[in-house]
Structures are given as C-alpha cells and as structure tokens.
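Shown next, in structure tokens, is the structure this report addresses.
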Amino acid sequence: TNEAEFSIIIIDEYQRHGIGTELLSRLLDVARDEKVERVYAYMLPENVGMRSTCENLGFDVVADDDLYKASILL
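The following block contains the structure:
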C-alpha cells in the first residue's frame, strides 16, 4: 500500500515545546514529496497531547478498540 505509519517519542522534559508538532509537520512534508497517500499512527487513550497535535495538523482521530487511530490523507 501507499501508506506510512509513524511514531514519535519526546522525552518528558522536552514535551510541550512544539518539538512533536515540528517533527510531525516535517514528516508530512517528506511523505507528500514521496507521494505517500495516507499517514497514520495508533496511540494510547491517555496520550491527549499527541491526539491534539494530530488534530491540529488535520488528522482524523477516532477510537479504535483500546487505542486511538490518527490518519490523514495527503
């Protein structure tokens, strides 16, 4: 398929400084350049910060069993 799954880990002391948003924005730019059609990730329900980041960047975020799935069509 023409899809890509991502995962980002930011150490606690550097969270809430925009690093995850910047990394994910750049990842989406690369995915577009590479003609990837969809980018997605699974996350735990308590990961509210990443869910919010994904939503702010245009991802659809939906509950998927015990996880959340964020996905965006490029």
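With the sequence shown counted from 1, adding 3 to any position gets you the numbering used here. Don't be surprised by glycine CBs; every beta carbon is placed ideally from N, CA and C. All of these numbers come straight from a predicted model, not from anything done at the bench.
- Cβ of leucine 77 within 8 Å of Cβ of alanine 34? Result yes, Cβ atoms of leucine 77 and alanine 34 sit closer than 8 Å.
- At what residues does the beta strand (DSSP E) containing serine 74 begin and finish? 70–76 is the extent of the beta strand (DSSP E) around serine 74.
- Query: What is the rounded straight-line gap between the Cα of glutamate 6 and the Cα of lysine 72?
  - Reply: Using only the alpha carbons, I get a separation of about 14 Å.
- Message: Rounded to whole angstroms, what is the Cα-Cα separation between cysteine 57 and leucine 70?
- Response: In a straight line, the C-alpha of cysteine 57 is about 14 Å away from that of leucine 70.
- valine 39 (DSSP reduced to helix, strand or coil): Three-state result, valine 39: coil.
- Starting from the N-terminal side, write out each stretch of the beta strand (DSSP E) that is 3 residues or longer and does not extend beyond the region 39–67. DSSP assignment within the region 39–67 yields the following whole beta strand (DSSP E) runs of 3 residues or more, N-terminal first: 41–46, 63–67.
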